[in-house]
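Heads up, the thing below is written out as structure tokens.
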Amino acid sequence: MDGIHDMGGMHGFGKVEPEANEPVFHAAWEGRCLALNRAMGAIGAWTIDAGRAGIEELPPQLYLARSYYGKWALRLENMVIARGLAGADEIAAGHAQRGGEPPRRTFGVADVSPSLTRGSYGRAAPAPAHFQVGEGVRTKNIHPATHTRLPRYARGRIGVIEAVRGCHVFPDTSAIGAGEDPQWLYTVVFDGRELWGDNTDPTLKVSIEAFEPYLEPT
Amino acid sequence: MTHDHDYDDHHGHGSELSEMQLRVRAIETVLAEKGYVDPAALDEMIEAYETRIGPHIGARVVAKAWADPAFKRALIADASAAVRAFGVVDRVGDHLIAVENTPKLHNMIVCTLCSCYPWDVLGLPPVWYKSSPYRSRAVNDPRGVLADFGVTLPPESEIRVWDSTAETRFIVLPMRPEGTEGWSEEKLATLVTRDCMIGTGLPKNPQDIS
């Protein structure tokens, strides 16, 4: 979706402000919020892609106004309500008000260690890769209203396949519950001037990780 | 349910604090009562991210690559496999990619769409990495971003920005500082900062740690 999350190349956000000796969490609730989100993902309540879509679907005013974990908290509430795992009334009350669907499983202490290793999104290839290293490609000019990982600044641009990264879960379908639909994944590199115009730093190159359905031959 | 307060990314943590404490406590209580999560498991996960998983892991990987040419070759070829095979760290996910800085090439990592970051080797990302300024500017003004970090590159150095738009994850292998000949991996690792593995910084100078 063409949302506020798709920030690459936007102006006006100001300087980057690193914080010296930054703590891992700035408040205890941030850690709880991270762990709750991770736990619900780990028990299969939603996929990583649906979770990202849940952040992107926040109203843009809220997206910009909320801190990072503030957005995660809103996403968590929205997704457990949308999936019928808890009611808005229960969250407002701060306690379960009814039994409801028994959980498929509980995220317990034994699940923590495996959850610390990132999941694998590589899948068996249903077909040979369409493009090869060194080949020129054009990204498609697509504007799906649902989740996609092709950023706006890199649509309709000519780049070169730099690496073939294997076949991976396709976020665009996974996010909307339409299955993993594995697709080849490529590193596509663009000259900075192709993305930002002739006045761009001539030493700049930018790459994206592009799924095959985002690409067409030049 | 609750009111939405304005909140500034950099300075306003206090304004959100009490509301968010209550709100997150409420949802945790509901999810625990319904049997989805065991609060003790949440405690353990938080403890892992606060104390065990962080940029010291990536620093060991970089230091080993500086000290051991065979490991460096393996790391560049397939970082996930190399890190596992050499037992440098306990666990690393698939699709980790190491990108090497040279005198002619500086690499920088960003996720313009969200906050993708190599948690396995660097821990949780800092606030600035997830912030609008970094995500918006890294891809079209990386030298300006580097200036915000006090870093200036030679004008002729190529800059390569890697936008983490899939489940591949990137770590920058910075250049080994001069004056470190004969250093142990342990000592080399003390030069490796988190930011130099993201590409917004450079390793410390040897004289900075002596």
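Read top to bottom, the protein sequences are chains U and S.
Taking the numbering used here, I'd label the letters of the first sequence as residues 1 to 218.
Taking the numbering used here, I'd label the letters of the second sequence as residues 219 to 428.
We put the beta carbon where it would ideally sit given N, CA and C, even for glycine.
It should be emphasised that the depicted structure is a prediction, and the values quoted were computed from it without experimental measurement.
Burial state of K282 (chain S) is buried, judged by a 10 Å Cβ sphere holding 16 or more other Cβ atoms. Annotated as distal: G3 (chain U) and H313 (chain S), with beta-carbon spacing of 8 Å or more. In this structure, DSSP gives K282 (chain S) a helical state, which the three-state scheme calls helix. Under the three-pair Cβ rule at 8 Å, the segment 354–362 of chain S counts as touching the segment 185–203 of chain U. Using a CB distance below 7 Å, no part of the segment 416–428 of chain S faces chain U.
Scanning its chain for C-beta atoms nearer than 6 Å, with the 5 sequence neighbours on each side dropped, one finds around A297 (chain S) the residues L314, I315, A316, in chain order.
Beta-bridge analysis with DSSP links G159 (chain U) to U:V137. Here H168 (chain U) is buried. Its C-beta has 16 or more other C-beta atoms within 10 Å.
In this structure, the straight-line span from the alpha carbon of R66 (chain U) to that of P287 (chain S) is close to 45 Å. Interface flag for H274 (chain S) against chain U is unset, since no Cβ pair is found closer than 8 Å. Under the three-state reduction of DSSP, G122 (chain U) is assigned to strand. Following the DSSP letters along the chain, one finds V363 (chain S) inside the alpha helix (DSSP H) bounded by residues 360–366.
Here the alpha carbon of G192 (chain U) sits roughly 40 Å from the alpha carbon of W29 (chain U).
Residue-level contact by beta carbon holds for L249 (chain S) and chain U, with a gap shorter than 8 Å.
Judged by DSSP secondary structure, V80 (chain U) falls within the alpha helix (DSSP H) whose first and last residues are 68–82. Comparing alpha carbon positions, the residue from S:A244, S:P344, S:V339 closest to A73 (chain U) is S:A244. Closer than 8 Å at the C-beta level to chain S, one finds these residues of the segment 115–126 of chain U: S115, L116, T117, R118, G119, S120, Y121, G122. Separation of T269 (chain S) and E22 (chain U) (C-alpha to C-alpha, rounded to the nearest whole angstrom) is 14 Å. The criterion of a C-beta distance shorter than 8 Å is not satisfied by E376 (chain S) and L293 (chain S). Across the set S:A277, S:A365, S:P372, S:Y347, the C-alpha of S:A277 shows the shortest separation from the C-alpha of P392 (chain S). G51 (chain U) counts as buried, since at least 16 other C-beta atoms from the protein chains shown sit within 10 angstroms of its C-beta.
DSSP places K205 (chain U) inside the beta strand (DSSP E), whose first and last residues are 204–211. Within the model, the alpha-carbon separation for R155 (chain U) versus G108 (chain U) is close to 43 Å. Ranking S:A303, S:R309, S:W380 by CA distance to the CA of E318 (chain S) puts S:W380 first. The three-state reading of DSSP puts C167 (chain U) in strand, counting E and B together. In the DSSP assignment, N325 (chain S) falls within the unbroken beta strand (DSSP E) covering 323–328. At the C-beta level, Y214 (chain U) and G8 (chain U) stay beyond 8 Å of one another. Any Cβ of chain U closer than 8 Å to the Cβ of N319 (chain S) would place that residue at the interface, and such an atom is absent. In this structure, S:V280 is the residue among S:T320, S:V280, S:K252 with its C-alpha nearest to the C-alpha of T408 (chain S).
Neighbours of D286 (chain S) across chain U, judged by C-beta separation under 9 Å, do not exist; the nearest C-beta is about 24 Å away. For P217 (chain U), the enclosing beta strand (DSSP E) covers residues 215–217. Around C332 (chain S), the beta-carbon contacts reaching into chain U at under 9 Å are H5, R52, I55, E56. Residue nearest to N423 (chain S) within the set S:Y335, S:R394, S:V390, S:E385 is S:R394 (criterion: CA-CA distance).
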